[in-house]
Structure formats: structure tokens, C-alpha cells
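Only one structure is covered here, and it is reproduced in the block below.
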Amino acid sequence: MPTSQSADTAPADTGPPTRPLRRWDIGAPGETSPLEAGPGRRCWRVGTSAGTFFLREYAEPDRRRLLFQHTVTTALDAAGLPVLAPMPARGGRTLVTAAGHGYVLYPWVGGRRRGGLELTFGQCEALGELLGRLHAALDELTAPVQQSMLVPTPRAADASAAVAEMLRDVPGDAGGTDFDALTGRRLRERRALLTEFAGHQPPDIEVSTVGYLHGAFHAGHLRYGGAGNVTAVLGWDGLAAGPIAGEVVRSAARLFACEDERGLDLDRVQAFVRGHRSAYPLDAGQIQAAVHREWWERLCDVAPLRHRYLGADGTGGRGPAPLVAWWSAHLDRTLDAFAAPYAAAHADAHDDGHAHYG
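What the sequence shown shows, in the working numbering, is residues 37 to 394, in sequence order.
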């Protein structure tokens, strides 16, 4: 599944290889444009007489994983969900190989990106419902999940040691810039939080509904039509099994985080969780456990700090670093807010037969 489909081009890239494209009945390639695809990846927008397409290259394709992904996304598309199915080549294969590389072709999807904070409360609820419908469909389309009860938890001591090592690379007040001073302040702030909350580590074993997850349900992988409806959910390379509540919380945290000290927009979060509950009910305890774990993993994840302030490789994909400080100061509030949509439905909770940890 394509990681993204964007009008942004990567001018230093070359055109797509023509040999693999001949394996599909799409006519002769015309205008092509390389697209932003992340380090080590290449993809293109390809125009032909038959229409416009998205070509994705895999330098080292994991055939088994990709074909499973293709089977699932094709079934989701057939079920009427806004998921793009890969296009089969003439021989029926969805993964074409040439010179050791793998290629997958998709129809081009229109629509625009929208940040989570741009959505109305009704759209936030509809988006949560869509994620719930995807989880329900994945349950129906995949075999029951068999996996360990152990969910490894990062250690505060390891994160503190990493922050201390990073601080040694930051110039002191005498020889540093204003940005160096900000870097030192952010690192010391994180070290203090790790010390203060060292006793709040979540357990390694939790009771939680598990199933197959999209893996990266955030604004970068969503496209919207003119009426505000989602036209496509992209980015299925992260398809894997795990706790459902974890994906709900991670998605909400990425969709509705402000870029400053305001933290999470908890009203939009509640609308999103309420929508998910309508399509795939869990319970308040699972949601709160997932909030606890997501906060803790962000607290212990120093990679975004290393990326933002020390220029290390990476994307800082967990969101703005200041969110950790806000979340730590409002931990009880977020635990209650995420679970609030389940309060009225608590009496209706029942065993739904999903796989569970525990």
C-alpha cells in the first residue's frame, strides 16, 4: 500500500523503470513525477493513456508480508471501505519483480490532506468510526491472532542514561547559541520528568483486545474529498497484530496534538473515541491502559529529542516534544478524557469474543 500520494516531487530522483510498468495493461507511460517517499524508498505518479497511477518500489521486497498485505487491502476495498487495492499485472500478480526490486501499482487517488485539528467534531467522530469499521473488518478477514501476553515496556533508567549522554554533546552557556540553550533546557526537562515519574511504569502484561491494526493511522495517510469524507486510507505497510486500544490512542494522540503547550485537543479526542466505540466497542479500562502506555512510551522515547535538537536522522514521528511535558502534567485528566465516551456505555459491556491478552 502506498505510504503517501502527494503532488510534492523529489527533483533529484529519476523516472520509474519502464520494464516493470509493461507488465500492467495501462498503456504507454506518459508524464511521470517522482514523489516524496522517505529515506531508501522510491515511488512515482505515472500518467498513461488509461489514467493516472501510483507506482511503489521495494528495494528488498518481503514477498510473504507484501502478499498478505495485498490480500487484506484487496478484501477491505471489496468490502466498500476507502482502501486502495493493488492492481494485478497481466499474470494476476500484485507484486512484480525486476532486477531484484519489487513493484506495486495502485490507481491514483484524489483528495487532500487535512490535519486532525482542522476537522469538526462530527468529522472527528466519523473518522473514529472509520477506524473502528476497519478494525471490525480486519477481525473478519484475518485469522484469530495468536501472540504472546508479554508487551515489553521501555525503562526510565535507560531513557535517562540516553538523555545524559545527549546533554554531554550540548555546548555550555558560555560557548553555545540560543538554540543550544533551548536544547539543554528540553533535555533537562525530560530528565526531570523521567526521574519524577519513574514509578509510573505500566506493566509488561496487560489484558487487552488484540487484532490486526493499520499500524500508522494518522493525517499523513488520510485523504479527504470535497465534502470532508475520507476518500482513502493509505500507508498499510505497518499492518500487524497488536492491541486495538493502543492503535485508537496512538491515532488520537497524533491526530489531535497541538504544536505548542496546549497539548491534546481532548474534545476532539473524545469525539474520535466515541466514533470508534460505535463500530468496535472495547471498554474504559483498555482505553485507559493504552493511554498510560502511550504516555509512558513517549516519555521514554528520546529519539524525537535527538532528531529535533541534535539533528540526528529520523522523523520525530511521535509528534511535538513539548507534548510529553503537557501530558505528564495532565496524566489523570487524559486518562479520564479518553475513557469518557465509555462511561455511559459501561452497563452495556459484554464479552464480544475477541482475542485477549491475559
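All C-beta atoms in this analysis are idealised placements derived from N, C-alpha and C, irrespective of residue type, glycine included.
- For Arg169, the CB contacts under 7 Å within the same chain, skipping 5 residues up- and downstream, are Leu117 and Ala315 in chain order.
- According to DSSP, residue pairing for Ser69 in a beta bridge involves Arg81.
- Comparing alpha-carbon positions, the option among Gly158, Asp175, Gly147 and Gly282 lying closest to Val266 turns out to be Gly147.
- Under DSSP, Thr88 takes part in a beta bridge, and its partners are Gly83.
- The DSSP-derived three-state label of Pro239 is coil.
- One thing to note: His250 has its Cβ no nearer than 8 Å to the Cβ of Leu223.
- Here Gly158 carries a helix assignment [DSSP, helix/strand/coil].
- Secondary structure of His366 (DSSP, three-state): coil.
- Separation of the CB atoms of Arg313 and Pro377 is rounded to 5 Å, and the pair is thereby assigned contact status at 8 Å.
- Residue pairing from DSSP places Glu93 in a beta bridge opposite Arg78 and Tyr139.
- Of all C-beta pairs linking the segment 134-141 to the segment 287-303, fewer than three are shorter than 8 Å, placing the two stretches out of contact.
- Uninterrupted alpha helix (DSSP H) stretches at least 4 residues long and entirely within the segment 222-298 occur at 280-291, given in chain order.
- Shown here, Thr133 sits in a strand according to DSSP, grouped into three states.
- Here Pro188 has Asp240 as same chain residues with Cβ atoms under 7 Å from its own Cβ, once five neighbours each way along the sequence are excluded.
- Nearest C-alpha to Leu335 among Pro279, Asp194 and Ala379: Asp194.
- By the criterion of a C-beta distance shorter than 6 Å, Ile280 is surrounded in its chain by His171, Thr245 and Gly247, once the five residues flanking it on both sides are discounted.
- Separation of Glu154 and Ala162 (C-alpha to C-alpha, rounded to the nearest whole angstrom) is 14 Å.
- A Cβ-Cβ contact shorter than 8 Å links Gln105 with Trp272.
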